[in-house]
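In the working numbering, the protein residues as written are 83 to 320.
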């Protein structure tokens, strides 16, 4: 018998060495504009950087930064982190998501920032007891949605009050964007619930995404937007 191989004297056969089962890391699919898979990537090392430059997953896209985002597997959970990119890294929501102050939402081609205003305190009476006049409003404005331009300046605002739900769309709703062809007729809802606000996708064609702040866990089937490219998580572990 050759070196390193053992024989079974009873039957004279060669026993093949036992090899551990092959494992692979998370798998991603790159989607084309029609939503079809155009390429697949396997994170065999457990992590990868996506970008336009010297990245593990290199994509030709002028909206991608050279090193745009990192995907990393830790304890069977896949995380995505933005690497300070110019246009951000986004995850598409699959269920209503609670909004925190400063969260940025992608609805169609509109970039909308959510800001908390807080509850107004009591106003001290004027010295001469004259009452102030003001616009009639349903209740106190406690938050605001800000439509952002490409330079991050604010173009328009929509104020939010407790117990009021707001629909956003191209044709139907409370805040309309008739010029945005990537937005569905009724695209998203901002829902007030107790002291929180949630964003919900109303079954839109292109979905609703949240910008990643710090890092965010992603799961199988979820989509991630980097630049103008959409990656879908095909599997986290195998």
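Ideal placement from N, C-alpha and C gives every residue a C-beta, glycine not left out.
Practice task
Give the range of the beta strand (DSSP E) segment to which residue 305 is assigned.
Solution key: According to the DSSP assignment, residue 305 belongs to the beta strand (DSSP E) that extends over 305 to 308.
Exercise for the section: Since I believe residue 300 is in contact with residue 160 (beta carbons under 8 Å), could you give me their beta-carbon distance rounded to a whole number of angstroms? Expected result: Separation of the CB atoms of residue 160 and residue 300 is rounded to 5 Å, and the pair is thereby assigned contact status at 8 Å.
Exercise for the section: Classify residue 175 as helix, strand or coil using the three-state DSSP reduction. Expected result: Coil.
Practice task
Out of 138, 250 and 279, point me to the one whose CA is closest to residue 229's CA.
Solution key: Looking at the Cα atoms, 250 is the closest of the given residues.
Practice task
Can you grab the Cα-Cα spacing for the pair residue 319 / residue 158, in whole Å?
Solution key: Taking the straight line joining both Cα atoms gives about 7 Å.
Handout entry: For residue 122, the residue or residues it bridges with in DSSP
Key = 111, per the DSSP bridge assignment.
Exercise for the section: Measure the alpha-carbon distance for residue 275 versus residue 232 and round it to whole angstroms. Expected result: When rounded, the distance between both Cα atoms is 31 Å.
Exercise for the section: Could you tell me whether the region 129 to 138 touches the region 147 to 157, where touching means 3 or more Cβ pairs closer than 8 Å? Expected result: Taking 8 Å as the limit for Cβ pairs, the verdict is that the region 147 to 157 does touch the region 129 to 138.
Handout entry: Cβ-heavy atom distance, residue 163 to the ligand SAM, below 8 Å
Key = Ligands are entirely absent from the displayed structure, and the ligand SAM is therefore not among its contents.
Handout entry: Residues sharing a beta bridge with residue 297, DSSP
Key = Residue pairing for residue 297: DSSP places it in a beta bridge opposite 163.
Problem - beta strand (DSSP E) runs contained entirely in the region 249 to 283, provided each spans 3 or more residues - result: Correct list: 270 to 275 and 278 to 283.
Practice task
Grab the span of the beta strand (DSSP E) containing residue 241 for me, first residue to last.
Solution key: Membership of residue 241 in the beta strand (DSSP E) is indicated by the continuous run 236 to 242.
Exercise for the section: Check whether the Cβ atoms of residue 280 and residue 192 lie closer than 9 Å to each other. Expected result: No, the pair does not count as a contact, with Cβ atoms beyond the cut-off.
Handout entry: Exposure label - residue 121; buried when at least 16 CB within 10 Å
Key = Answer is exposed; the Cβ neighbour count stays below 16.
Practice task
With a 10 Å radius around its C-beta and 16 neighbouring C-beta atoms as the bar for buried, classify residue 305 as buried or exposed.
Solution key: By the neighbour-count definition (other C-beta atoms within 10 Å, threshold 16), residue 305 is a buried residue.
Handout entry: Straight-line Cα distance separating residue 310 from residue 317
Key = The straight-line gap separating the alpha-carbon atoms of residue 317 and residue 310 is approximately 22 Å.
Practice task
Take the Cβ of residue 235 as the centre, count every other Cβ of all protein chains shown within 10 Å, and call the residue buried at 16 or more, exposed below.
Solution key: When all chains shown are included, residue 235 counts as exposed.
Problem - Of the residues 144, 278, 189 and 184, the one placed nearest residue 169, counting alpha carbons only - result: Looking at the Cα atoms, 144 is the closest of the given residues.
Practice task
Check the DSSP bridge columns for residue 132 and list the partner residues they point to.
Solution key: Residue pairing by DSSP places residue 132 opposite 139 and 151 in a beta bridge.
Practice task
Could you check how far apart the C-beta atoms of residue 225 and residue 198 are, in whole angstroms? I think they sit under 8 Å.
Solution key: Yes, they are in contact, since the Cβ atoms of residue 225 and residue 198 sit about 5 Å apart, within 8 Å.
Exercise for the section: Under the assumption that residue 270 contacts residue 286 (Cβ atoms under 8 Å), give the Cβ distance between them as a whole number of angstroms. Expected result: That pair is a contact at about 7 Å.
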